[in-house]
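Protein chains: 2
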Amino acid sequence: MHTSPDILFRTLADPTRRAIFEGLCRDGEQTVGALTARAGVSQPAVSKHLGVLKLAGLVSDRPAGRQTHYSAQIGALAPLMDWTRDMAGFWEARFDDLEDLLKRMDQ
Amino acid sequence: MHTSPDILFRTLADPTRRAIFEGLCRDGEQTVGALTARAGVSQPAVSKHLGVLKLAGLVSDRPAGRQTHYSAQIGALAPLMDWTRDMAGFWEARFDDLEDLLKRMDQ
DNA sequence: CGGACGTATAACCAGCGAGATATGGATGAG
DNA sequence: CTCATCCATATCTCGCTGGTTATACGTCCG
Numbered sequence: 217m218h219t220s221p222d223i224l225f226r227t228l229a230d231p232t233r234r235a236i237f238e239g240l241c242r243d244g245e246q247t248v249g250a251l252t253a254r255a256g257v258s259q260p261a262v263s264k265h266l267g268v269l270k271l272a273g274l275v276s277d278r279p280a281g282r283q284t285h286y287s288a289q290i291g292a293l294a295p296l297m298d299w300t301r302d303m304a305g306f307w308e309a310r311f312d313d314l315e316d317l318l319k320r321m322d323q
Numbered sequence: 217m218h219t220s221p222d223i224l225f226r227t228l229a230d231p232t233r234r235a236i237f238e239g240l241c242r243d244g245e246q247t248v249g250a251l252t253a254r255a256g257v258s259q260p261a262v263s264k265h266l267g268v269l270k271l272a273g274l275v276s277d278r279p280a281g282r283q284t285h286y287s288a289q290i291g292a293l294a295p296l297m298d299w300t301r302d303m304a305g306f307w308e309a310r311f312d313d314l315e316d317l318l319k320r321m322d323q
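Chains R and V are the protein sequences, given in the same order. Every position in the first sequence, counted from 1, becomes a number in my numbering once 216 is added. Every position in the second sequence, counted from 1, becomes a number in my numbering once 216 is added.
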């Protein structure tokens, strides 16, 4: 289930939220409390960010008793990579066209 | 001159602005007027978006008489690709650590 | 059972940013 | 020279969102 690049860009645009995601990528599964300790914002703010990340498919939660463990879903970044590759692809395609044109003009 | 991922994410988070950038990637250099015709917003809005894109290093302008031609700077996307690769890299590193641990436990 | 702990939700507020309109400034056409 | 055209800037408004505090809900412990 791939999220649109639009949602991904919007979700990752906020520095606090992206830092939370980066933390989960670097250090793996963490509880809300652990994430809050490093986030520099209040616990409700962290919970809200995690909610947004979850909606974007970038994290998944694992409730365990009274704490919730979150972990990154690295696959969710695929549309981002695709988009970037597409942009570079368009670029090169036009470059190739230019090369062809120059080649034809050369004859 | 590489722009920080932060600026890139924030710049590309807006759909209108990203659409303008995509148009420049797909179809190459275009004037403000041509971009405005497709953007669905007013000309000043397009000019402002182009200003933001330029600040992020994603586009360059080429003034020619009374019209300005803009074109995409595809290289500016490099930090984005790097960031994505890093995230996937952390993911795999932790995966490898887990494999090592399991291997050692197996002995 | 009661109280402490961990997390989520509610309600509210402030700032930012994307949009519009109006205008200025430069250039090309007639 | 005059006027139309193209773009950029100024100014304002309004909606969204990220932050806070307060509170509710569920869970572990004594």
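Glycine included, C-beta positions come from ideal geometry on N, C-alpha and C.
So what does residue i bridge to, in DSSP terms?
i	result
A280 of chain V	V:Q283
Looking only at its chain, what residues have a beta carbon closer than 6 angstroms to the beta carbon of residue i, apart from the 5 residues adjacent to it on each side?
i	result
T252 of chain V	Q259, V262
T247 of chain R	Q283, H285
D230 of chain V	none
C241 of chain V	A288
Quick one: using the 10 Å Cβ neighbour count with 16 as the cut-off for buried, is residue i buried or exposed?
i	result
P327 of chain V	There is simply no residue 327 of chain V to check, as chain V begins at 217 and stops at 323 in what is shown.
R301 of chain R	exposed
M303 of chain V	buried
V257 of chain R	exposed
A288 of chain R	buried
H265 of chain R	buried
R254 of chain R	exposed
F311 of chain V	exposed
Given residue i, which residues of its chain have a CB within under 8 angstroms of its CB, disregarding the five upstream and five downstream residues?
i	result
R234 of chain V	L228
L224 of chain V	A272, L274, A292, L293, P295, L296
E245 of chain R	R278, H285, Y286, S287
G239 of chain R	Q246, L251, R254
Output needed for residue i: all residues of its chain with C-beta closer than 7 angstroms, excluding positions within five of it in sequence on either side, in chain order.
i	result
P221 of chain R	P295, L296, W299
T173 of chain V	The requested residue 173 of chain V is not part of the displayed model; chain V covers only 217 to 323.
Taking only runs of the beta strand (DSSP E) that begin and end inside the stretch 240-304 of chain V, which ones reach a length of at least 3 residues, in chain order?
-> 275-280, 283-288
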